[in-house]
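Residues in the sequence shown are numbered from 14 upward in steps of one, following my numbering.
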Amino acid sequence: MLGMLMAVIHANRVISRDFSHNTVSLFYNQQKNRMIYVLSNFLYAISVSIIYALNGIVLLVIVSKLGIPGDLGLDFIVAIVVNTILLVLFYFLLSYIFYLYKLKSGLVFGILVALLLFVPNILNTMMMNTSNDLFIKAIELLPFYSLPVFVASNTMSISQYLVLITTIILLYFFTLKKSKQYSF
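Next comes the structure, spelled out in structure tokens:
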């Protein structure tokens, strides 16, 4: 999970620097530039996530060659790449929104650490202490639970992917809308 935290932090490096040093004002001088800046950072986050996914796959292949048992089928490898891209995009867009609300980078990174490392464990404890199946299924659909838990170990269900992709699309459009309204 620390690798995924590094992927998210690496993807946030550019916007963190731009908002911290106020160089974002150079990019946000026109509405068109704001849209291009959001899109370019979105594509940057995708490229970072692909690099981290490929690193993870290389490490899995090395470990499997050392004799650790496991199934490295094509569906598992594709799931790792897709899940890593979705995880990085979700947390990247969420942190982008935090920056647009003028939160400082230290606070944003603290929130990211809490969301990636602690919230899934808290939600898992809540699931283990209840017998309500509806509550358990609702928690399993939450991106804050499903992404960190399933990113490199399992494929998610269709409903989890639908909720996650819908959430990412909504976060992207909210980021665009908030970027248009951003003032210095």
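Every residue, glycine too, gets a C-beta built ideally from N, C-alpha and C.
C-alpha gap between residue i and residue j, whole angstroms
i    : j    : result
V164 : F197 : 36 Å
R26  : L130 : 19 Å
K191 : I49  : 14 Å
S172 : M139 : 21 Å
D84  : G16  : 21 Å
F148 : F157 : 15 Å
V95  : I81  : 24 Å
N167 : N54  : 28 Å
L79  : G86  : 17 Å
A20  : M169 : 20 Å
Sub-8 Å separation of residue i and residue j beta-carbons
i    : j    : result
S62  : T97  : yes
V111 : I22  : The identity of residue 111 in the sequence shown is Phe, whereas the question assumes Val. Cβ atoms of F111 and I22: not closer than 8 Å.
A151 : V101 : no
I93  : I64  : no
L136 : L154 : no
L113 : Y195 : yes
P133 : V162 : yes
Distance between beta carbons of residue j and residue i, contact taken as under 8 Å
i    : j    : result
L177 : L160 : 7 Å
Residue i, DSSP secondary structure in three states
i    : result
N35  : coil
Q43  : coil
G83  : coil
T168 : coil
L116 : coil
T188 : helix
Y195 : coil
N96  : helix
S144 : coil
Q) Is the stretch 117-135 in contact with the stretch 40-47, if contact means three or more CB pairs nearer than 8 Å? A) Touching, no.
Q.
Does the stretch 17-34 come into contact with the stretch 111-122, if we say contact requires no fewer than three beta-carbon pairs (one atom in each stretch) closer than 8 Å?
A. Touching, yes.
Q.
Across the stretch 177-186 and the stretch 95-113, are there enough close Cβ pairs to call them in contact, namely three or more that are closer than 8 Å?
A. With a cut-off of 8 Å, the stretch 95-113 and the stretch 177-186 count as touching, because enough Cβ pairs lie within range.
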